[in-house]
Structures are given as C-alpha cells and as structure tokens.
Amino acid sequence: MDDEAARHASRKAAWHLIPFLILCWLISILDRVNVGFAALTMNKELGLTAEMFGFGAGIFFFGYFIFEVPSNLILERVGARRWIARIMISWGVIAASFAFVPSISAVFQGFGFSFFNTARTFYLMRFIFGAAEAGPWWMAMAVHRRGCAVCYRRAMGFEASHGQTDRSCLARS
C-alpha cells in the first residue's frame, strides 16, 4: 500500500507542478529566442561583431552545463520551493542587468580591471546567466518522463511559432 500511496502522491504533485514548470520553461525559451532578435540593435550599441555575439550567446550553455549537477544537489538539500524561487529571482535580476552591460564594464574598468571591455562583460554576464538558470530540469525529466515529454513538445512548438511570429513582425517593420 505504501507504493500505491507514494505513486498517487507523486502523480498529484506532478499535476500541480508541471503546469508551473511549463510556464517557467516557456519564459526561459522566450529569453533564449529573444537574445537572437536583440542582436539586431544590441550588437551595434555594444560594438559587437556577429562572431562576438555568437560566442556570447553560446557561452550561456557553458555556465548552464557546468552548474547543472551542483544546482540539483543543492536542490536536494534546500528543497524545490526555495531553489526554484532562487532560480527565478536570480534569473530576473541578471536578465534585467543586461541593460547595464556598458555601465558594469565601466565600473570594472574604474576598479582597474581593464580586461573587462564591453564584449567581455557581455560574455561574463551570459556565463553567469547560464549558471543561475541551471536547475532541476533533468531531475524532473528523470522522475516524470511522460510529463516532460509533453513539456518538450509544447516548448518546441512554442519556440517555432514564436520565431515565426517574430520574423514576420520584423519583416513588416
């Protein structure tokens, strides 16, 4: 009877958590898609070439990859409620701080860190952004494969439709 009760509790929790996780993931995908569209004007303002921007956009995944397992180990210790809240709050703060990349670069240079020009500050911010976003997704997938398969399918459809919508809007402007 314990296995049956545990299975029932797990299923009930999944039905409550999965819609919230889908929403969080869609917001995350929206960010990943929008960084490419931001490049249209951001590269000129920050003085980035296409190659520099591509490296900066890709370095996000290095931080994500490196901190994925440690993030899940911390999740085990502090609990999902606190850790997912930490991920969402730090994600929001770091995402908002991208508006201040030139100012952050100037602060670094003011403290004598001349290495941090605008491009390198952008790289650092993208790496930190990936590290902050690393989290409980692979753990949830291992526990609820079927639910996560639905998440992946919906997210891919969202990403594809969002990209098409943005392309059509950009073509009109």
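In my numbering, the protein residues as written are 837 to 1009.
Ideal Cβ positions, reconstructed from N, Cα and C, are used throughout, including at glycine.
For clarity, every value in this text was computed on a predicted model and none was experimentally measured.
Rounded straight-line distance, which links the Cα of residue j to that of residue i
i     : j    : result
I930  : W851 : 30 Å
L857  : M878 : 30 Å
N870  : K848 : 34 Å
G899  : L909 : 16 Å
G872  : I865 : 12 Å
R962  : A842 : 40 Å
H912  : F965 : In the sequence as displayed, the identity of residue 912 is Glu instead of His. One C-alpha to the other measures close to 22 Å.
T885  : W919 : 36 Å
V914  : S907 : 10 Å
R1008 : V943 : Interpretation of R1008 is limited by its pLDDT of 46, a score under 50 that renders its predicted location unreliable; the figure taken from the coordinates is listed afterwards. Going by the C-alpha atoms only, they are around 39 Å apart.
A1011 : Q945 : Any answer about residue 1011 is impossible in this case: the structure gives the chain only from 837 up to 1009.
C860  : R917 : 13 Å
P855  : E904 : 22 Å
F897  : D838 : 40 Å
E840  : F952 : 57 Å
I902  : L853 : 26 Å
I863  : H844 : 29 Å
S846  : F947 : 51 Å
First and last residue of the uninterrupted alpha helix (DSSP H) at residue i
i    : result
L911 : A886 to V914
R955 : The sequence shown places Ala at residue 955, not Arg. A955 -> alpha helix (DSSP H) spans T954 to E969.
F944 : V937 to G946
Option in the options with minimal Cα separation from residue i
i    : options                   : result
A875 : I865, I863, S864 and M888 : M888
G883 : F965, L960, V937 and G966 : V937
M924 : P855, G894 and A970       : A970
G928 : K880, D867, D839 and S846 : D867
L960 : H844, I902, I895 and R922 : I895
R956 : S846, C860, I863 and G890 : G890
E881 : F951, A935, F952 and F947 : A935
Integer Cβ distance of residue i from residue j, believed to fall under 8 Å
i    : j    : result
T954 : S941 : 5 Å
G892 : F949 : Between F949 and G892 the Cβ distance is about 18 Å, and since that is not below 8 Å, they are no contact.
A830 : S926 : In the structure as shown, the chain begins at 837 and stops at 1009. Residue 830 is therefore absent and cannot be evaluated.
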